[in-house]
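Numbering (UniProt numbering), first residue to last: 1 to 179.
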């Protein structure tokens, strides 16, 4: 399958472009701004995504790389681009944690009320995975400012479990590595 869809591009050039794309995706995962900036300056698409639909922005946000998230958003990355599972960068941050990244995504237009599929929303991910600071932030953006007490408490309780109970099982449990 051709990446560029250009009949004048050789198979060798096509393979090299695929390598560069993978390097860009890896740079987003690791937060390597110095590696990614020249690629973007040379024309690498700012909304480049991997085979699962995870964009550069999603990968940088999920892995907590605030400076790279800022750079990508300033370069025109789509804050609500969805992956193959219909999830946005904000949902990933709500799951993983990172209040400042969540604020930045919303500042650049991420929809805090975007359905992530199946009636699931970023605030629910934040609550389920113990990120009460993000629950509070996202609830402050609601038109009525009313979020069910159960969502707020779930976020707090899950946060306590992650901080206090999970370490007791450290050798038996490993956190998710998605994406």
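The beta carbon of each residue, even a glycine, is placed where N, CA and C say it ideally should be. On a predicted model such as this, the values are computed, not experimentally measured, just so you know.
Excluding sequence positions up to five away, which residues of its chain have a Cβ less than 7 Å from the Cβ of residue i?
i           : result
residue 105 : 61, 79, 89, 90, 93
residue 1   : Low confidence applies here, because residue 1 scores a pLDDT of 41, under 50, leaving its location unreliable and the question unanswered by this model.
residue 72  : 46, 56, 57, 60
residue 125 : 91, 94, 95
residue 137 : 99, 102, 103
Here's a check: name, in chain order, each residue in its chain whose Cβ is nearer than 6 Å to the Cβ of residue i, leaving out the five neighbours to either side.
i           : result
residue 141 : 112
residue 96  : 62
residue 31  : 65, 68
residue 87  : 116
residue 27  : 35, 36
Buried or exposed: where does residue i fall if 16 or more other Cβ atoms within 10 Å of its Cβ makes it buried?
i           : result
residue 41  : exposed
residue 98  : buried
residue 122 : buried
residue 115 : exposed
residue 107 : exposed
residue 82  : buried
residue 50  : buried
Strictly by DSSP, which residues pair up with residue i?
i          : result
residue 49 : 55
Just checking my contact of residue i with residue j at CB under 8 Å: how many whole Å lie between their CB atoms?
i          : j          : result
residue 84 : residue 53 : 4 Å
Residues in the same chain with beta-carbon distance under 8 Å from residue i, minus the five sequence neighbours each way, listed in chain order, please.
i          : result
residue 39 : 20, 23, 24, 27
Using three-state DSSP, classify residue i as helix, strand or coil.
i           : result
residue 129 : coil
residue 44  : coil
residue 88  : coil
residue 67  : helix
residue 181 : Because residue 181 is not part of the residues shown, which for the chain are 1 to 179, the question remains open.
For residue i, is the beta carbon positioned less than 8 Å from some heavy atom of the ligand ATP?
i          : result
residue 83 : The ligand ATP is not part of this structure, which contains no ligands at all.
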